[in-house]
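Here the working numbering is used: the first residue of the sequence shown is 34, the next is one more, and so on.
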Amino acid sequence: MLLLIAGLVLFLGVHSLRIVAEPWRGAQIARLGLGAYKGIYSLASAAGLALIAIGYGHARAAPVLLWDPPLWTRHLSALLMLFAFVLVAAAYVPRNRIRHAVGHPMVLGVKIWAAGHLLANGDLRDLLLFGAFLAWAVFDYRAARRRDRIHGRVGRRGTLMGDAATLVIGAAAVLPARPRGRNGGREWAAMDEDRTIWWWVLGAFALAAAGGAWWWWQAAAPPSPPAVQVPASEPPSPEATPPQAAGHPIEAAPAALAAMGDSAPLPTLADSDSALRTAIAGLIGEAALVDFFHMTGIAARFVATVDNLPRGKVATKVLPVRGPGGTFVVEGQAEARTIGAFNAERYAAHLRLLESIDARRAADLYVRFYPLLQQAYRELGYPQGHFNDRLVAVIDHLLATPATEGPIPLVQPKVLYEFADPELEARSAGQKLLLRMGPA
Numbered sequence: 034m035l036l037l038i039a040g041l042v043l044f045l046g047v048h049s050l051r052i053v054a055e056p057w058r059g060a061q062i063a064r065l066g067l068g069a070y071k072g073i074y075s076l077a078s079a080a081g082l083a084l085i086a087i088g089y090g091h092a093r094a095a096p097v098l099l100w101d102p103p104l105w106t107r108h109l110s111a112l113l114m115l116f117a118f119v120l121v122a123a124a125y126v127p128r129n130r131i132r133h134a135v136g137h138p139m140v141l142g143v144k145i146w147a148a149g150h151l152l153a154n155g156d157l158r159d160l161l162l163f164g165a166f167l168a169w170a171v172f173d174y175r176a177a178r179r180r181d182r183i184h185g186r187v188g189r190r191g192t193l194m195g196d197a198a199t200l201v202i203g204a205a206a207v208l209p210a211r212p213r214g215r216n217g218g219r220e221w222a223a224m225d226e227d228r229t230i231w232w233w234v235l236g237a238f239a240l241a242a243a244g245g246a247w248w249w250w251q252a253a254a255p256p257s258p259p260a261v262q263v264p265a266s267e268p269p270s271p272e273a274t275p276p277q278a279a280g281h282p283i284e285a286a287p288a289a290l291a292a293m294g295d296s297a298p299l300p301t302l303a304d305s306d307s308a309l310r311t312a313i314a315g316l317i318g319e320a321a322l323v324d325f326f327h328m329t330g331i332a333a334r335f336v337a338t339v340d341n342l343p344r345g346k347v348a349t350k351v352l353p354v355r356g357p358g359g360t361f362v363v364e365g366q367a368e369a370r371t372i373g374a375f376n377a378e379r380y381a382a383h384l385r386l387l388e389s390i391d392a393r394r395a396a397d398l399y400v401r402f403y404p405l406l407q408q409a410y411r412e413l414g415y416p417q418g419h420f421n422d423r424l425v426a427v428i429d430h431l432l433a434t435p436a437t438e439g440p441i442p443l444v445q446p447k448v449l450y451e452f453a454d455p456e457l458e459a460r461s462a463g464q465k466l467l468l469r470m471g472p473a
């Protein structure tokens, strides 16, 4: 029994770090790097699972019966397994509306799975195993939903085909499985004498699932793409050509170093991620670093994104920060479509993060690492360019974004949405992003 308890503590403890020790978790990711952290995390999880399996097997040799569950709990447990497996399938099947509705179907599925097994089993080892998983799933689901609300994350809307695939895979997975009962399976043998009950259970579930899918299909708006279409032929903006001589030179590096209390030499650009992660974590906090930033190629990503904002398109693979959750929100039908009022909520967490940053400290950090940013800019294809000049030009360009009043009309000539106003549609990727975010 001690091995079982040790395995539960290790496995569930590792999976509870985001609930009880988010700052510590962020610090380790910043210190070790995301890949190394995931490797250690996986090894600890595997060790915990091994201890759980071995400990549970040893506990079966000396069962400690706490209560004798009635036969009906086996039937109810079997029905709950159907819902649990469908939820687990929803975590992996792409574009299903179950995941959009519940947010974290895997954790919710574990919760139902553990509750169902607690109903049908009255042994001490079962109470420890399934009770621990149930308690963890309850707290983890609440914590995950709270993070979603804080960061404005919204699940992607799914399709009827995704719903159908989820239901079929979940139902098919649960058919071979049965909640384990005691007495050598005598109760299940009695249940197998009348298989009609299983057809009734599956039939009722299929009808309920079909009705729910039909209601979802009727109530949900047509799925929207996550971004507005950008014409591929749009030429670069006039700001794309950098000046040959620095118009806005950076000359305050010694003062910035003194303000930051850092006189250590800069790392090379290739080895700068660790130093940048530490510096950014000191500015916004380790938890925000993990939640918002990509952990590799930070300097190059920042430079490439700044350079691309006045152009027609910003490649998502070079963004230094993670995008907002959810999909592009559209209101209205046919010719009366507009950007939805709630679309701006998708960016609320990013805006709160920006508002929380100390501008002076951010400027000092920028000056401290400017030589690396300058190197990344020249490696981007501007051997005579100056990144700070480009940054100033891009800021001026974004400040020139036109103000709009009321909902912005959209058209959908093909798959993706476009601004109905040709003048807005011709704007740069950076200005279109600001327009989609809504008025200041």
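Glycine included, C-beta positions come from ideal geometry on N, C-alpha and C.
Beta-carbon gap between residue i and residue j smaller than 8 Å
i, j, result
"Ile441", "Ile331", "no"
"Ile283", "Tyr410", "no"
"His48", "Trp169", "yes"
"Ala54", "Leu115", "no"
"Val339", "Arg423", "yes"
"Pro353", "Arg379", "no"
"Leu474", "Ser110", "No statement about residue 474 is possible, as the shown extent of the chain runs from 34 to 473 and does not include it."
"Met34", "Ala92", "yes"
"Leu50", "Arg58", "yes"
"Leu386", "Gly463", "no"
"Leu413", "Val336", "yes"
"Gly40", "Gly90", "no"
"Lys144", "Val171", "yes"
"Val119", "Leu200", "yes"
"Arg158", "Leu316", "no"
Closest by C-alpha distance to residue i, when choosing among the options
i, options, result
"Ala314", "Ile390, Val201, Gly90, Val135", "Ile390"
"Leu299", "Ala374, Leu398, His137", "Leu398"
"Thr437", "Asn376, Ala312, Leu457, Leu141", "Leu457"
"Val347", "Leu405, Leu466, Ser305, Leu36", "Leu466"
"Leu384", "Ala396, Gly356, Thr360", "Gly356"
"Val363", "Leu443, Leu316, Ala426, Leu157", "Leu443"
"Ala321", "Ile62, Leu41, Leu37", "Ile62"
"Val448", "Glu412, Gly463, Phe375, Phe361", "Phe361"
"Arg128", "Ala148, Pro102, Asp196", "Asp196"
"His108", "Gly149, Gln366, Leu120", "Gly149"
"Val400", "Ala79, Gln445, Phe420, Ile317", "Phe420"
"Val427", "Ala382, Leu193, Ile317, Ser461", "Ser461"
"Ala24", "Arg179, Gln417, Pro103, Pro435", "Given a span of 34 to 473 for the chain in the structure shown, any question on residue 24 remains unanswerable."
Those residues which DSSP pairs with residue i across a bridge
i, result
"Phe326", "Val354"
"Ala364", "The amino acid occupying residue 364 in the given sequence is Glu; Ala does not appear at that position. Thr371."
"Pro343", "Answer by DSSP bridge pairing: none, since Pro343 is not bridged."
"Leu113", "Per DSSP, none; premise fails for Leu113."
"Glu388", "None, per the DSSP bridge assignment."
"Leu50", "DSSP output for Leu50 lists no bridge partner at all."
Length of the line joining the Cα atoms of residue i and residue j
i, j, result
"Ala123", "Tyr415", "47 Å"
"Thr329", "Ala69", "13 Å"
"Asn154", "Pro96", "12 Å"
"Ala117", "Gly72", "28 Å"
"Leu98", "Leu160", "10 Å"
"Thr301", "Leu309", "11 Å"
"Ile85", "Ala77", "12 Å"
"Pro472", "Gly88", "59 Å"
"Ala177", "Gly359", "15 Å"
"Glu451", "Arg344", "16 Å"
"Ala453", "Ala206", "47 Å"
"Glu267", "Ala459", "Residue confidence for Glu267 is low, a pLDDT of 45 falling below 50, so the modelled location carries little weight; the figure read from the coordinates is stated next. Straight-line Cα distance between these residues: approximately 8 Å."
"Ala253", "Ala60", "Only weak support is given to the placement of Ala253: the predicted model assigns it a pLDDT of 41, under 50, and the value that follows is read from those uncertain coordinates. Rounded to whole angstroms, Ala253 to Ala60 spans 41 Å at the Cα level."
"Leu45", "Leu167", "11 Å"
"His133", "Val425", "40 Å"
"Asp306", "Asp156", "51 Å"
"Ala396", "Asn376", "30 Å"
"Leu67", "Leu43", "20 Å"
"His137", "Ile52", "15 Å"
"Ala83", "Ala165", "16 Å"
"His281", "Leu405", "17 Å"
"Thr311", "Glu388", "20 Å"
Exposed unless 16 or more other CB atoms sit within 10 angstroms - verdict on residue i
i, result
"Lys350", "exposed"
"Ser75", "exposed"
"Asp173", "buried"
"Phe163", "buried"
"Gln407", "buried"
"Arg393", "exposed"
"Asp429", "exposed"
"Arg175", "exposed"
"Ala303", "exposed"
"Tyr125", "exposed"
"Glu319", "buried"
"Asp324", "buried"
"Ala367", "exposed"
"Arg179", "exposed"
Check: residue i C-beta below 7 Å from any heavy atom of the ligand MN
i, result
"Ile390", "This structure lacks the ligand MN; in fact it carries no ligand of any kind."
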